[in-house]
Structure formats: C-alpha cells, structure tokens
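Note that the working numbering has the sequence shown beginning at 21, numbered continuously upward.
I have placed the structure first, in the form of structure tokens, so that the comments after it can refer back to it.
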Amino acid sequence: RGTLVETWLEARSIDLGEIAWPLPTLRFLADCPYWFVEDDDTPPVKVHSGPAMVAAIQNGKTNRLQGVHLTWFTHDGTGKAEIFAPDGSPLKARKIRGALNGGHVRFCRAPEDDAPLLLAEGIETTGSAIEASGVGDWATLSLSNFSASVPARTVLLAFDGDEADPKQARKTKDAAIAAHASAGRSVRAVQAAEGFDFNSWMAAVKRQEAGSKATGRRQEAGSGARGEEARRADRETEGTATEAKQVEYAS
C-alpha cells in the first residue's frame, strides 16, 4: 500500500477497491535496473534504472513462480518511463524475466467448484475487466497465452480489440476457445470494440460518465445560452463510450 504501483493503476482508470487491493502478486521496486541485451555475444548494458511494478507469473498447473513481469514508470507513477537503447532507439517499458508460457499474473485465487475464471491480456486490462464483469481474473500477458491451462471448469475470455493484425488475432482467439473447450471447460468469449482494449474502453466509459454528470450540472445551473453550450459539449463527447462498448465474440 502507498506505493507508486497504486498511482500507476489509478492513472490507468482502475478502481483499486474493485480488484481486492492490495494484491500479493503485484509488488513495487523503487529502483529497478533495465538491462539491454543486443545479442548473445554482447554483455548486457544497464540503460535505465527507476521505479517499477513487479508482477509474479505463476504456472497455471503447478502454481509455482516461473517468471516476473516488469513495468517501469515515471518517478511520479503517472506514465510509462521513457527508455532508450545505447543507439538512441526507444525501448518498451515492459519486460518479462523468466518464462511466460503456461503462466499468469493472478488477481484472485484459483476458483472453487464451478466458479468462473476470467482471463484478460495485460495487467491493466485485467484490472478493468474485473471492474466490468465482477469476476475473478488472471492476466495472460499475451494473446497466444490465452490457451494456457487453468484450474477452472468455466472460463470467460476477455479479448482486446486493438491488435495490429486482426485476421491473425482471430485465428489465435479461435485456437484459445478450442483449447479450453477440448479440455472440457465451459467457454464464453467477449471482445472489446475494434481499436480498444478493456482498459481503454473502461477509461472511455468513465470519461463519458464524468462528462455527462458535468453537463447535467451545467444544465441545471442555467438555461438559454449557457444551457445550449452544455448541450453542445455533450453532443461533442457523445459516442466515446458507445464506440468502445464490449461486444459478444462469436467463435
């Protein structure tokens, strides 16, 4: 509690009260080194060091720790850190150390009996998917890892809708649905609207809700020119959330 991890998640429009915070699988490092490795023959070079969120990746079958997912952010926790390779090219502010395949970042314990388990991709999208569904969630950290085995009889697959190659993504999503169905699980899949992941969708919904409330207050406070100005502002923001609403994904 009280670390920049909370600041980071809240900056991504995640309500910590909805995800059973604090989570034992998410930790904070105040000064985490970022090592750049160009190839196997070149020694690693430290190109950055700063605050980071550390997420435990646990194997879906054995529960054992098999890796960690790292996210570096700015010193105030409100954005991703800007990190550059020795040649000046930008680097992603996320890394996985250890193994990913077959593992997840868990936002809840393994479900009991017939309780459903929701699978989403990124850590932030997983937090938002929990808010949207109210179902316990694990983060797969990659689209291909949606097929990994989980200890649940019922799974809800929450796919993002912002992939660079939609056709290939569709094949991977179909494969994930088939993998869980063939393992005897009841499967339901949903997808964020095109161009959105679940985190950006929830953020858009919250912005529109806040804008609608503000418009309502302005309309109550005055009429005439002031009221028309409020209605015009409302029309300009209309559609932000509806364009990003969750849609059924048919396999």
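Yeah, the Cβ is synthetic: ideal placement off N, Cα and C, and Gly gets one too.
Treat the numbers as computed from the prediction; the structure is a model and nothing was measured.
Look at the alpha carbon of residue i and the alpha carbon of residue j, and state the distance between them as a whole number of angstroms.
| i | j | result |
| --- | --- | --- |
| A196 | E141 | 12 Å |
| A170 | F48 | As written in the sequence, residue 170 is Val, which differs from the Ala given in the question. Each residue's alpha carbon lies about 26 Å from the other. |
| A152 | M222 | 8 Å |
| G157 | T146 | Reading off the sequence shown, one finds Asp at residue 157, where the question assumed Gly. D157 and T146: Cα-Cα distance of roughly 7 Å. |
| G118 | V225 | 36 Å |
| G37 | W28 | 15 Å |
| P71 | F93 | 6 Å |
| F218 | T174 | 20 Å |
| P63 | A40 | 41 Å |
| A253 | G108 | Note that A253 scores 45 on pLDDT, short of 50, meaning its location in the model is unreliable; the coordinates nonetheless yield the value given after this. So the two alpha carbons sit approximately 42 Å from each other. |
| R190 | E102 | 32 Å |
| D60 | P186 | 33 Å |
| D21 | L43 | Strictly speaking, residue 21 in this sequence is Arg, with Asp absent from that position. Straight-line Cα distance between these residues: approximately 9 Å. |
| A50 | T23 | 9 Å |
In terms of DSSP beta bridges, what is residue i paired with?
| i | result |
| --- | --- |
| S69 | P53 |
| F93 | K100 |
| P42 | Answer is none; P42 lacks a bridge partner. |
| R114 | T91 |
Would you mind sorting residue i into buried or exposed? The rule is 16 or more other CB atoms within 10 Å of its CB.
| i | result |
| --- | --- |
| R255 | Residue placement at R255 cannot be trusted, given a pLDDT of 46 that sits under 50; what the coordinates show is reported in the next sentence. Label assigned to R255: exposed. |
| S202 | exposed |
| F104 | exposed |
| E214 | exposed |
| R126 | buried |
| P106 | exposed |
Compare the beta carbon distance of residue i and residue j with 9 Å and say whether it is the shorter of the two.
| i | j | result |
| --- | --- | --- |
| I150 | L138 | yes |
| H95 | R114 | no |
| G80 | G122 | yes |
| L177 | V210 | yes |
| A172 | R205 | yes |
| A31 | G99 | yes |
| F56 | L120 | no |
| V67 | L46 | no |
| V25 | G87 | no |
| I77 | I116 | yes |
| I212 | D180 | Ile is not the amino acid found at residue 212; the sequence shown has Ala there. It is a contact, given that the beta carbons lie within the stated cut-off. |
| F166 | T192 | yes |
| S69 | Y54 | yes |
| D182 | S148 | no |
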